[in-house]
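Encoded structure:
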């Protein structure tokens with residue numbers, strides 16, 4: 026027996042309620058915005074990873090330069106210490122006492138050149154360290170900047186997602202009211218996305234109004250598992266024409282996790298199945314004498330849900 030929908034009369038002036046077509050257009054517009062923000066987000070995530078990678082490389086270069094600088098400083102310190110320890114000796118003494126005065130002079134000249142070389146190396150490594158430090162600071166600043174952009178996009182996407190949920194709720198409320206009214210006719214519910222589950226669901230919705238015939242699997246009539254099999258066959262997924270096998274055709278999901286395209290099963294013996302649309306609604310081929318239609322999942326003993334595709 027069809028349930029009547031009681032609508033209280035409202036004599037007070039109010040803005041007219043948006044129609045289903047207006048709500049659908051609004052939801053589609055919001056979904057387009059979400060897709061745009063999603064792509065911006067994806068691009069920024071790539072930039073963020075690049076910036077973080079650059080920061081890691083800059084840090085590694087800085088660490089390497091710091092270690093090199095410390096090593097060079099130690100060498101200079103060792104050289105200075107050696108020079109200091111020998112500073113109390115009259116330079117003429119080793120020259121006179123040396124068995125090879127020429128060799129001594131060559132060594133002294135070499136020591137002087139080495140001191141100058143070490144000092145220049147130290148200055149060069151110090152400059153490299155400063156350059157690495159600037160690169161590190163710049164890379165870290167870029168990473169912080171991109172992180173802020175990512176956070177901004179996430180906030181915008183979250184805001185739009187809430188608006189979508191609100192508009193979709195209104196849309197589904199109207200769909201539920203129409204489905205409960207018993208007036209028949211197609212219920213226009215937008216299913217977004219290009220996943221196989223979403224496309225299969227849209228295919229199923231196009232079959233509204235076609236009669237239930239036991240054992241039928243389309244395209245002119247269906248039984249419940251035949252509609253499911255036909256819709257998923259359209260996206261290249263082969264399912265058996267039997268609810269018991271469809272029950273084991275994918276992972277089971279909880280009621281709170283269900284999304285459009287999931288199969289919803291009813292009764293202990295799983296003798297009825299539909300395709301979930303969202304907001305407690307499904308499209309299904311109900312029974313002999315009825316037609317493929319959108320209906321609430323409430324009112325039947327719910328057995329569980331199965332995800333056939335993402």
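Numbering (the working numbering), first residue to last: 26 to 335. C-beta: ideal position from N, C-alpha, C; glycine also. Bear in mind the structure is a predicted one, so any value in this text is a computation, not a measurement.
Residue 56 is not bridged by DSSP to any residue. For residue 287 against residue 278, the beta-carbon gap comes to about 6 Å, under 8 Å, which counts as contact. In terms of Cβ geometry, residue 233 and residue 318 form a close pair [threshold 7 Å]. Cβ atoms of residue 225 and residue 257 come within 8 Å of each other, at about 5 Å. According to the DSSP assignment, residue 301 belongs to the beta strand (DSSP E) that extends over 297-303. Shown here, residue 68 sits in a helix according to DSSP, grouped into three states. In the structure shown, residue 328 falls within a strand segment according to DSSP collapsed to helix, strand and coil. Residue 303 counts as buried, since at least 16 other C-beta atoms from the protein chains shown sit within 10 angstroms of its C-beta. For residue 308, the enclosing beta strand (DSSP E) stretches over residues 306-309. In the DSSP annotation of this structure, residue 212 is not part of any alpha helix (DSSP H), being labelled neither H nor E. In the DSSP assignment, residue 223 falls within the alpha helix (DSSP H) that extends over 221-230.
Around the C-beta of residue 289, 16 or more other C-beta atoms lie within 10 Å, and the residue is accordingly described as buried. For the 7 Å CB-CB criterion, residue 255 and residue 269 do not form a contact.
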